[in-house]
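In this note's numbering, the protein residues as written are 48 to 546.
Ideal placement from N, C-alpha and C gives every residue a C-beta, glycine not left out.
The block underneath contains the structure these notes are about, expressed in structure tokens.
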């Protein structure tokens, strides 16, 4: 019952005119960037971080969540009409959705994607509202050793999940951890890794790193490729509504996709890609017309899109309750909390209960807005593809630079932004993931503080980390997750040599 009463209080905050406007702006921007291939919600939230730092924290976080949800919705539009997923999680949607569009059923494909996304996000947000408080009751009992074990799991999983290899993920993480140690030591008051630069005494701003790596780096990367051909989406002919048969074939995949996407999205190494592929395979196996798969089966759109959006709500569970980001967008949203000196975790639900429950309530409202925006205005969203990429990314460069300087008027900050942009370009060029670097900067100081507090309480004995069952289990999980990819790769090479 506590969750219901808190949720009611959250709606009282979410329906305030200013927050409704923030939610509407968020879902519109999110849908737009979801439609545009290569932009994505992570880049957009990073770009808006320096612009929103003077806003009310609740309104800013509500806008970011709207961008996240909107990006999930918008990615399906180009996947269906263009066979070019705006988001990686929409790759599966393109398999059947584009075939439906080519056969003149683009309208029903867009409808089942939008309605399935709405149903899944609605159910998954309810799951978030009731599951998060249960996790908080467990996490609030954690000691510093438990937090250190939790940080290790976050470091290992984010390194293994993002990028083409664990080593590249760990390299990116190490870069972020190094940046996180810059500045004044919280325990001793001594300067660390500042190289005599006074502006670095306060450490590296998360906003500067996120904008530099995601926005500036992506703009440099696109400019270096200089490849862009005008896209010609398939026109939507006839009614955009679904027939009775379409409804009959879609509602079960919607529910199955929801219950696949939400729990997997909540896992530290879950993400949105795994549940969408899993949902597609399940629907193909359960279908009474498996021969339609590959030719435009509506179940192949309904299930994956539901799983995609349910996983977005699932991602918010570990982010809000434990402070663990399980996606690139979640990592940048974590930076959004930190720019207001708010640390997601178990204490968030007690120290900032109004913000958390206002955010959860606004997700319900954002879903209704997205359903209204996506179907009637699909033609408007598709027209965004006509924007020339040079104009788009030139605007991103100017917007990112002006926003960062407005938040931190300093020549050193501008140099850092440019430097991080070059690093971001090199990371994109050589396929190093960006999210682990941001996670390292944010969580590195927290892990450092938790480890040193544990050692202080044990008079310098590191065995305290293994004497508590909960922290020992977490460290064991992190160790297994770290070495498992290398073991599997070694076994694979051994088998290939035998063959």
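In the three-state DSSP reduction, residue 343 falls in the coil class, being neither helix nor strand.
In this structure residue 353 does not touch residue 312 by the C-beta definition: roughly 12 Å separates them, more than the 8 Å allowed. The secondary-structure analysis by DSSP pairs residue 238 across a beta bridge with 231.
Non-local beta-carbon contacts of residue 104 in its own chain, meaning distances under 7 Å to residues more than five positions away in sequence, involve 387, 389, 402 in chain order. Residue nearest to residue 79 within the set 114, 171, 49 is 114 (criterion: CA-CA distance). For residue 393, there is no enclosing alpha helix (DSSP H), since its DSSP letter is neither H nor E.
Taking a contact as a CB-CB distance under 8 Å, the pair residue 349 and residue 300 counts as one, their CB atoms being some 4 Å apart. In the three-state DSSP reduction, residue 288 falls in the coil class, being neither helix nor strand. Buried is the label assigned to residue 146, since at least 16 other Cβ atoms lie within 10 Å of its Cβ.
Straight across, the Cα-Cα distance linking residue 68 with residue 518 is about 43 Å. Taking residue 444 as reference, the option from 465, 456, 424, 306 with the minimal CA-CA separation is 465. It is roughly 21 Å from the alpha-carbon of residue 246 to the alpha-carbon of residue 484. Minimum Cα-Cα distance from residue 357 among the listed residues 128, 173, 531 corresponds to 173.
The C-beta distance from residue 504 to residue 511 rounds to 7 Å, short enough to meet the 8 Å contact threshold. Here residue 363 really is in contact with residue 175; their C-beta atoms are around 6 Å apart, less than 8 Å. Taken in chain order, the unbroken stretches of alpha helix (DSSP H) that lie wholly in the region 59-102 and span 4 residues or more are 64-82, 87-95. By the Cβ-count criterion, residue 379 is buried, with 16 or more other Cβ atoms from all chains shown falling within 10 Å of its own Cβ. Per DSSP, residue 510 lies in no alpha helix (DSSP H) segment and is marked neither H nor E. Burial of residue 479 is indicated by the presence of at least 16 other C-beta atoms within 10 angstroms of its C-beta.
Exposed is the label assigned to residue 291, since fewer than 16 other Cβ atoms lie within 10 Å of its Cβ. Within the region 161-234, complete beta strand (DSSP E) segments of at least 3 residues are not found at all.
Between residue 97 and residue 254, the C-beta gap is smaller than 8 Å, which places the two residues in contact.
Assigned with DSSP and collapsed to three states, residue 336 falls in coil, not helix or strand.
From the listed residues 218, 360, 310, the smallest Cα separation to residue 119 is found for 360. Taking the Cα positions, residue 372 is about 32 Å away from residue 438.
Annotation: residue 259 is outside any alpha helix (DSSP H) and is labelled neither H nor E by DSSP. Here the alpha carbon of residue 218 sits roughly 34 Å from the alpha carbon of residue 101. DSSP places residue 120 in the helix class (H, G or I) of the three-state scheme. In this structure, the straight-line span from the alpha carbon of residue 52 to that of residue 165 is close to 24 Å. For residue 138, the enclosing alpha helix (DSSP H) covers residues 138-149. Cβ-Cβ distances below 8 Å link residue 231 to 237, 238, 239, 248, 249, 250 in the same chain, with the five nearest sequence neighbours on each side left out; the list follows chain order.
In this structure, residue 267 keeps its C-beta atom at 8 Å or more from the C-beta atom of residue 111. Counting only residues of its own chain and dropping the five nearest sequence neighbours on each side, residue 461 has a CB closer than 8 Å to the CB of 448, 451, 452. Where residue 248 is concerned, there is no enclosing alpha helix (DSSP H), because DSSP gives it neither an H nor an E. A check of alpha carbon separations from residue 470 across 126, 257, 182 identifies 257 as the nearest.
By alpha-carbon distance to residue 195, the top candidate from 493, 272, 188 is 493.
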